[in-house]
Each structure stands twice: as structure tokens, then as C-alpha cells.
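Presented below is the structure to which this report refers.
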Amino acid sequence: MELILNPITSLIIGTVFLILLSWILWPRKGLISLWSKRSKNTKQKLQEDALKFIFDCEYKHKSCGLHTISGNMNISTNKAAKVLGQLQSIGLIVMKEDQIRLTDAGRSDALKIIRIHRIWERYLADETAIDNLEWHQGADSQEHLMSLKEVDVLAATMGNPVFDPHGDPIPTTNGELPTYQGQSLSSLKEGDIARITHIEDEPSTIYAQLVALDLHPGMEVYIMDVTDENIQFAANGKECILNILFASNITVEKLSKIEPTQKKYQTLSSLNVGDKAQVIGISPKCRGQERIRLMDLGIVPGTEISAVLKSAFGDPTAYKIMGATIAIRKKQADNIYIKSMLNKNEQTASMRELSGVS
Amino acid sequence: MYDHQEIENDEIISLTNTLRWELGIDFHDKIIESIYADATKIAKQSIRVEDAKNSTIFDQKVDSIITSKWFGFPIMFLLLAIVFWITVAGANIPSSWLAALLLDTVHPFLKNIAAQIGMPWWLDGVLIDGAYMAFAWVVSVMLPPMAIFFPLFTLLEDLGYLPRVAFNMDSLFRKAGAHGKQALTMSMGFGCNAAGVVATRVIDSPRERLIAIITNNFSLCNGRWPTQILIATIFIGSLVPPHYAGLVSAAAVVSIAVLGIVFSLLVSWGLSKSILRGEASTFSLELPPYRPPRILQTLYTSLIDRTMLVLWRAIVFAIPAGIVIWLVANIYIGELSLAEYFIDWSNPFALYFGLNGVILLAYIIAIPANEIVIPTILMLTVINSGLTGIGEGAGVMFELDSVADTKRILTAGGWTLLTAVNLMLFSLLHNPCSTTLYTIYKETKSMKWTTISALLPLTLGFIVCFFVTQLWLLFSS
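First to last, the sequence lines map onto chains A and B.
Just so we're aligned, residue 1 is where the first sequence starts under UniProt numbering, counting upward by one.
Just so we're aligned, residue 1 is where the second sequence starts under UniProt numbering, counting upward by one.
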């Protein structure tokens, strides 16, 4: 049978069809994902975002005016004024001169949105493989879609978490939140030792920089030098220099220690086959199921671990942990901190040396 | 009194809520750590470990060979080749026994009884030529290879060898966004995709498990090897002088299987970057100590858990499909049967993909098992091209012992080398059989993933066939 279309025409049609198909289905940039991502600047969304921001200002004892709101929400001053007018008319805020304050109803609404936002961030961090740069954005669109009830169910399945992955406390169902403590990293002096409690995820460009430096809540920092523009500190044995503006996005809790406990940690991936080590801990970067799995296998502080075998291509490597041989990948082993132990031969050798000396 | 207590309860709850903030971020980690610390302390007091037992030294020696750069992969290919060879060589004999019994003896016998008790022709057709025939076909072609392949595979698993394969292969699969154990489920898929999908339970990470399930269909299963071998022998082997024919057609089949592996890795990569990007992912792989296999237990579990489960599901789907196959060939509207209507209607469309209406219809109605695709194609070709004296009547699937006769039928149906190449590609790249689809649904409990598992390879198949055909036509004209 003869085909009506000649091969060239068919090929053109086929190629066009393929291009169309990939244009529709392409992940993140395709028509379908754009359609589902298309966030409308609806009235409700704007109002909720404004409430959230005003609450944040109150919580952190910062002043909050029309200009800071319009700047933060990236809308014109006129529009911000309109949104604030709407919020005032439904009794969620009161405006006195230049001061904007939340009413009780407004505060409770804001806490509701914050609870949804932070629980969703926690969900993305622990139960999915979504990258940490996308947690905030994901939660930003989800907070307007979910009801408090749905979020309660979600929170229950995760064991009712109390902190979001950036270290922020999650408001309880009743809208309780602990009083704001902590100071910004930029306020520390030379020689101070502190622990990171929170890394602000907005604006996202600054957050991306902080993530790129491998900073996480729970990390200890040691301040080495402070100038008018920069702050130099050691975190996880690595020296970092941050602009003061960037540093103010990191909240820390000052520790009353004098000696920094941390030197540069050795990672499990650097352990040679045949060598033994002791686990110190797992990096805060490793979260959720992955972290639980590693801990379940016995990778907890104090466990002895030895590298026994490399696979044919060199990755993964098999380790002896608590009598079992477990293979894990290099990327995971990078997140496990160890303290090297002398293996048996070296140990006896060094003992012999010692006895020889004495 | 009661009220008082309730107020107290509320106070306690709100107090605990505020106290929870003070526990800190890593509260759960601390609990796990303290449990382990206690357990280690107890274990240290009460357990004495004898140092470096002989078996661990033996294990380490074996491991250092099996996972070495130079021996690891040759050993793996050799072992897998042996398993496949035993399966293919060993399955032929029981398969021909079963076929002789179920197709050549029981079928005429049943027809005889039906004729004696005066069963109406249509009932006899639906039940015996349709339902029974499909059942008999699936059992005789499917059972022997599975009954040989699965125990052998389980034996390797029991021995402790398969985890080492996953260990060696992980690097490759990691680059494709998948788990090293997918090497195992993929090999299992060469036996049967449904069993391969069940086998993905060994992958404990949600994302990698879904990837392994969706891509398992790219492993050329037992039911498709005979199709590939037959078509390659007829159309590709005949291109070269006879004494090279066997080698060339074998090479053609192997390259289709390798193409399947390539697709499997590419699609895994694509899935991990697109729709499965957000699924949680972890990796850990235990390398158990080597141990002597428990042969009887292995036989029992592989026969019951794998072979029988899959066979049962296949039969459940094959019987209704057998009825449908008979009906489409025997229900007439005017001059033409339903089958001929569909073939005529879909032919103009199918030809752009280098296929034909018969092939499309066969792949639709023979969905329960790939084993019955060729018999269905032969039966439909005979009906459609009006050949007489071949086969056993409308709606009765058949296969011929002689390759030359099969070739005559297919050439009469308008088959060319291009059709053959496209059939081989389409046989690799089409929706999984209904048994596998049902198993995917059972394993994922999700219509979404089942649908994607069906449509993804099918779409790929049409795209590949289309471009192969059009480029072929372009360069041959």
C-alpha cells in the first residue's frame, strides 16, 4: 500500500509533534507545569502574605510600615495600601499613624498561615527529595491552598514536628509560639562561639548563597574577625567570610564555651579500605528518611565503623557497621563525620614504639 | 470534680506544648543515639565477639575477586549467560510436551466431546477455541521457562551473589538516578516483567523503586524472546548466506535486548529528573555473608511465590482474552468480521509506523501475555489475506512448526523487512502485558503510576517506529 504523505512531510510532522509534546510535558518549564504553577495574585493571597509579614515584624520587634510591606511583597505602594485597607476593613489590623498592628483575629489568622507554611516546608524537607532552595517557594503556594485540618493530619503523620527545616518554631494548633530569642550572626564579636538556630529563607538569592556555604541550623560557629563590612567565622572547620547584610539573615544562639569544639571533621568517604574509625555524627544536611535509615543501620555517635570493600567502579563502598556489611554511596558518606582510629597493626606498632621508648 | 480535671488536662497539654520548643531541633536524633548507646553498653557487657572467623576471611577473599575491576563484570556476564542458556535450552523440551498434551491432544478431545453432546458451534468456539486455547497456550509457553529461570535466579540470590552484582552495578545506575538493585530487578524482568515488578520490593527507597517498576518493561521478557527469534530468523537471517544466518539473527535479537537496557537507563534518568524528582530517595545495600543455598526451600519459594503467582495472574487474564480473540474473528457485520473492520480501518494509520492493522489488533487483544501475540498475528493474517488451507479456522490461534511456512503467511500478509524490524522494536517498546500492569497496580496501589507504566513505553514505541520507518523510506527511495 502506498502512503499518502511522502517521508519528508511525515518526518516534519513527526518532529513538530515531538517538539510540541516536549513543550507541553517538559519538567518545570513545560506548559503543564507552568499552568499548575501559575500563581494568581489573588486578593486572598495578597492579604495573607501581608498578614504573615506584619506578624513577622511584630514577632521580631521590627517596625513595620507601608514601604517595608510593599518592598517585601514586591508590589507597588498603592497596591500595598489597598491591601492594608482591605485588612483594616475586615478587622484584622489596626493602623495608627504610621504604625500597623495586628488585631487578635489578625494574629490568629497569621499564625494559621505560618503553621501551614512551616509544616509544609518540613514535609518537603523530610518526606521528599525536593531541593532546599525550593522548600520556601513550594510552601508559599501551598499555604493558600491547604486547610488547617489537612495540615494537622499531615503533621500527625510526621510526628507533630515543632521546628521547620530552617530552625523556625512551628505554631501549635492553638496558635502558640515561643517568645523570640536569638540574635543575628552579625551582632557577634570576635572570639564568640555560637550555634546557628535559624537561617532566613527570604530573599531567596541570599538564602541560596548561605546554602552554598553549607550552613545549616544546629551548626557551631566560631567568630574569627569582624569588620564594618564583613564577618569571618569558622563553621564545620571551614572558614567563611560573609557580608554583614548576609550574616544578618542567620540567627544564632550564643554558647558560653571558651574553646571551639570543632576542628575540621573527617568524613566517612575519606576512610581508606581496611581502616577503622568512630562515628561522630551525621551532618544536618542529611534529613528525613535518609537520616533515619542511616541511624537505623547504627550510624550514631560512638559506633565503630570500618571500610571493607570498594565496588568495581569505586563507588559505593561497603562498610562494616555493627557486624553487618553495608554499602553506601560516596555522596552519603560525605555527610557522615568520623574520628579516625588506628587500625590494629598500627596500634600494636605504636605500642611497641611506646614500650621501646620507656 | 470532672470539670476540674479537664482544666488540669488542658493545662498539662499547653504546658507540654510550650516545653516542646525547648527540646531543640535534634531531639529525635538524641533519642535514637541514647537508645543505641544503651544497647551498645549492654551488648558489650554480655556478648563476646571472636575475632576474624574463618568464614569472614573466606568472604573477603571471594568478595575481592567478585568486586574487582577486572573480574567483576566478566564473572557477572558469564553467570547470567549460563542462567539464560539453561533456561532457553531446558525449557524447550517440557514446552513441547505441554504443547503436545494441551494443544494437540486435549484440544481435539474437547472438540470431540462438544460435537458429541451437540454443543452449539458458537459456544464451542468461545469456550474451547477461545478460552481454553488461550489458557493452554499461556501454560505451555510460559510455565517451563519460568519454572527453570526463577529457581536458578533465587539460588544465586540465596548464595549471596546477587547483592554483589547490585554493588558493582550501582555506579552505572546511580548515574541514571536509579538504585543498584535495579540491575537485579531488570535481570529478573528478562524472565518475566511481572516477577521483575514484584522483585522491586528489595529496593527500599520510594523513588528508585518506582523507577525500577516503570522501566522493568524494557527488559525483553520470556514471552517476547520467541517472537524476536522467529522474526529475526525469517527476515534478518535470510539477508545473509545461510551459514551466517544463525549468527546474524542472534545478533539482531541480542541488540534488541541491549537496546532495551539502554532505554531502561535513559528512561530511568528522565524519570528521576522529571516526574519522580520530588520522591524521597535513600540508598543502602546490605552485603550478606555467603552461605550455602537451601535448595529445597529455594525451589519451593521460587515456584510458589514467583512462578505460580505469575502464571495464575496470566491465566486469569488469558481466558477472557481468548474469548475476545475468538469473538472479534467470528462476529460479522455484513461481509466482514470485527477483526477485518479494525484491520482495514487502522491499516492506513499503522503503515506510517511501519506496522500494519493486524499487528496493532494483535497487540490489543493479546494483551494478557506476549506469548500469544505471534499465534494471534498468524491467525489474523490468515483471515485478513484470505489464505485457505492454513490454520485451524477463524479465531483459533496457531503456530507452525516450519519457519518457511510462517514466512509464506507473513509475506502474503504484506510483511517486508521494514515491517519485521518495526515489529521487533514494537515488541520491545509497547505497553506491558495485563499481568504486569495488574502487578504494577498491586505493588504501587496507584492508578497514576500504572497508567504511566503503560503509556510511556507505548508512546516511545510509536515514536521510535515512526522515525525508523520514515527515515528508512526516505533513504531507500
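Each residue gets a CB set at the ideal place from its N, CA and C atoms; glycine is no exception.
Here the structure is a predicted model, which is why all the values come from computation and not from measurement.
Between D168/A and R107/A, the CB-CB gap reaches or exceeds 7 Å. Annotation: the continuous beta strand (DSSP E) that includes C240/A extends over 238-243. In the structure shown, G191/B adopts helical secondary structure according to DSSP, grouped into three states.
Contact of P203/A with chain B is not assigned, every C-beta pair being separated by 7 Å or more. In this structure, the alpha-carbon of R207/B lies about 45 Å from that of L400/B.
Judged by beta-carbon spacing, A194/B lies beyond the 7 Å limit of G180/B, meaning their Cβ atoms are not closer than that value. Residue pairing by DSSP places A318/A opposite L309/A, A327/A in a beta bridge. Rounded to the nearest angstrom, the gap between the Cα atoms of I90/A and Q266/A is 57 Å. Going by beta carbons, I333/B and N384/B fall outside the 7 Å limit.
Nearest to T40/B by C-alpha distance, out of A129/A, R329/A, I299/A, is I299/A. By a beta-carbon distance limit of 8 Å, V197/B does not contact T459/B. Their separation comes to about 20 Å. Between the region 280-298 of chain A and the region 126-134 of chain A, the count of Cβ pairs shorter than 8 Å is three or higher; the stretches touch.
In the three-state DSSP reduction, Y222/A falls in the strand class (E or B). For A235/A, the three-state secondary structure derived from DSSP is strand. Residues of the region 5-16 of chain A whose Cβ lies closer than 7 Å to any Cβ of chain B, in chain order: P7, I8, S10, L11, G14.
Along the region 161-217 of chain A, the beta strand (DSSP E) occurs as fully enclosed runs of 3 or more residues at 193-199, listed in sequence order.
Using a Cβ-Cβ cut-off of 8 Å, R329/A is close to D170, R174, F283 of chain B, given in chain order.
Close partners of F163/A in chain B (Cβ separation under 7 Å): I25.
V88/B and V382/B have their C-alpha atoms some 29 Å from each other. Around R293/A, the beta-carbon contacts reaching into chain B at under 9 Å are D204, S205, T282, F283, S284.
DSSP places A156/A inside the alpha helix (DSSP H), whose first and last residues are 148-157.
Under a criterion of Cβ atoms nearer than 8 Å, no residue of chain B is adjacent to S256/A; the nearest Cβ is some 16 Å distant. Rounded to whole angstroms, the gap between the alpha carbons of T42/A and T68/A is 20 Å. If the five residues before and after V162/A are omitted, its C-beta is found closer than 7 Å to the C-beta atoms of P169, I170, all from its own chain and listed in chain order. A straight line joining the alpha-carbon of G414/B with that of V138/B spans about 28 Å. In this structure P7/A is buried. Its beta-carbon is surrounded by 16 or more other beta-carbon atoms within 10 angstroms.
Taking CB atoms only, A194/A has no neighbour in chain B less than 7 Å away. Taking K273/B as the centre and dropping the five residues before and after it, the same chain places the C-beta of G177 closer than 7 Å to its C-beta, in chain order. Of all C-beta pairs linking the region 168-176 of chain B to the region 292-305 of chain B, fewer than three are shorter than 8 Å, placing the two stretches out of contact. When beta bridges are read from the DSSP output, Q99/A appears opposite K96/A.
Within the same chain, and ignoring the five residues on either side of G274/A in sequence, the residues whose Cβ sits closer than 8 Å to its Cβ are S306, A307, V308, N343. A residue is called buried when at least 16 other Cβ atoms come within 10 angstroms of its Cβ; Q116/B does not meet this threshold and is exposed.
Taken through DSSP and simplified to helix, strand or coil, L429/B comes out as coil. Contact with chain A is found for D63/B, since one of that chain's Cβ atoms lies less than 7 Å from the residue's Cβ.
The region 265-272 of chain B makes contact with the region 199-215 of chain B: 3 or more CB pairs, one atom from each, lie closer than 8 Å. Here H216/A is buried: its Cβ has 16 or more other Cβ atoms, across all protein chains shown, within 10 Å.
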